[in-house]
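Worksheet: the structure to be examined is printed underneath.
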Amino acid sequence: MIKKIFLLDKNVVALLDINNSRMKFKPEIEMLQFIRRHDKKNYAFSAAPSILEGRIRRRENDLEIKKTIEIENRIIQNFFKKAHTDVHLWNDESLNLSVIFSSTQMQANDMQFKELLEIYYKLFIDYQIKGSIPQSSMREFAFKILTACETLGLSRKHPVILLIIIDIFQKWDNNEADNPCNILRPKKKFKSLNDKIHNVYSDLSIPLLLSHTNFIAEETPIQFLTCDGPLKSYIQLFELKQIQSPTLTLNNQLEFKFKLYINSHTINEFILELFEKYDQEKIIHIINYS
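For the sequence shown, our numbering gives the first residue as 555, with consecutive numbering after it.
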């Protein structure tokens, strides 16, 4: 009987690598101690989030994913002695997981979300003054993002859009936790904006992966392990609950149905108020130009 399934972020998988001799900081040491304590027969571990992100800072093809699976599975196999893992599933050639994940998007509108992120980054450059958005420009910037959502056919009640909105207004209300908006500003250097967007979106997709895993696992608890403070805050702030099995679109993409929960009364109220103002402005615009 599996008591809990742990999903491992890429930074956690790197910690488990026996060849990783890099000096570890206190949070990383505590993470290793936690995982070792749970290396037991009634727990299971999966590197799925790390594998799906890839190792080359962009979307991987079939052969590249196979290489990633090989490397990540070797790390998992060498570390765990008693706990269950899903290594055998990733290694099962009959399942063709590398082909599936190289040809299928995580969700039906992945490309639209990435396009929205590109719009956000380009608008940020236009609006920012010394690295931050002036208060006088915040509303206009946010409304352009919401308009872009409509143009791209995206629901505005989605963690990716909501994180962009609270970043524009800097509305993080928990001083004891890392600001989730820092996901949008990774410290890594990237060769291109597309590479940056791929890596940022990999993190922003985690709530969807967790909701899908929880849906499949049914009553078995799921816990995502990461050493990334902003990512941890993000998945605590935005919780998705999948309400039915995903459907495959004509474009070979998965379409999910879920409910969104915002675990902050302050942010939830702010978002609702902003949406109301945006809708009112749209109505006024329609009246004036009709």
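Every residue gets a Cβ at the ideal spot worked out from N, C-alpha and C, and that includes glycine.
Remember, predicted model here, so these are calculated numbers, not experimental data.
Residues near residue i in its chain [Cβ-Cβ closer than 7 Å; skip 5 each side]
i: T780; result: D563, N565, V566 and K786
i: L610; result: At residue 610 the sequence reads Ile, which differs from the Leu that was named. So the list reads E618, once near-sequence residues are dropped.
i: L700; result: R710 and Y832
i: S604; result: L562, D563, K564, V567 and E626
i: L747; result: E672 and Y675
i: R613; result: H752
Cut-off 6 Å between Cβ atoms - residues of its own chain near residue i, not counting five sequence neighbours on either side
i: L570; result: I629 and F633
i: I673; result: A702
Reference residue i; option with closest CA among the options
i: R693; options: K558, I623 and I719; result: I719
i: Y815; options: K831, L791, A568 and K676; result: L791
i: H712; options: H766, P761, T705 and K620; result: P761
i: L758; options: L794, R576 and T639; result: L794
i: A601; options: F588, E626, L586 and K621; result: E626
i: M585; options: I821, D782 and F810; result: D782
i: E624; options: D640, T639 and N645; result: N645
Span of the alpha helix (DSSP H), counted from its first residue to its last, around residue i
i: S787; result: G783 to L791
i: S799; result: Note, S799: premise wrong, no alpha helix (DSSP H); not H, not E.
i: K668; result: D664 to Y681
i: L764; result: I760 to A771
i: I719; result: P713 to F723
Expected contact under 8 Å - CB spacing of residue i and residue j to nearest Å
i: T774; j: K558; result: 7 Å
i: L764; j: F744; result: Wrong, their Cβ atoms sit about 25 Å apart, outside the cutoff.
i: D727; j: S818; result: 6 Å
Beta-carbon gap between residue i and residue j smaller than 8 Å
i: F695; j: I722; result: yes
i: I538; j: L561; result: As shown, the chain starts at 555 and ends at 844. That puts residue 538 outside it, with no answer to give.
i: Y832; j: F697; result: yes
i: N753; j: K742; result: yes
i: L738; j: C703; result: no
i: F812; j: I825; result: no
i: K668; j: Y755; result: yes
i: Q666; j: G608; result: no
i: F829; j: H766; result: no
i: P688; j: N736; result: no
i: I857; j: K725; result: Summary: the structure shown does not reach residue 857, with the chain confined to residues 555 through 844, and so no result is reported for it.
heavy atom of the ligand COA below 7 Å from residue i C-beta
i: L561; result: The ligand content of the structure shown is nil, which means the ligand COA is not present either.
Own chain residues within Cβ distance below 8 Å of residue i, not counting five before or after
i: A637; result: H592, D593, K594, K595, Y597, A598 and F599
i: E835; result: F697
Residue range of the unbroken beta strand (DSSP E) whose run includes residue i
i: S600; result: Y597 to S600
i: L561; result: K558 to L562
i: Q631; result: No beta strand (DSSP E) holds Q631; the alpha helix (DSSP H) holding it covers D616 to F633.
i: K745; result: Run containing K745: none; DSSP gives neither H nor E here.
i: K698; result: Element bounds for K698: not the beta strand (DSSP E) but the alpha helix (DSSP H), Q689 to L706.
i: F810; result: Counting along the chain, F810 falls outside any beta strand (DSSP E), and DSSP gives it neither H nor E.
i: L586; result: Element bounds for L586: not the beta strand (DSSP E) but the alpha helix (DSSP H), K580 to R591.
i: L779; result: I776 to L779
Test: residue i CB closer than 8 Å to a CB of chain B
i: K836; result: Here chain B cannot be found, since the structure has a single protein chain.
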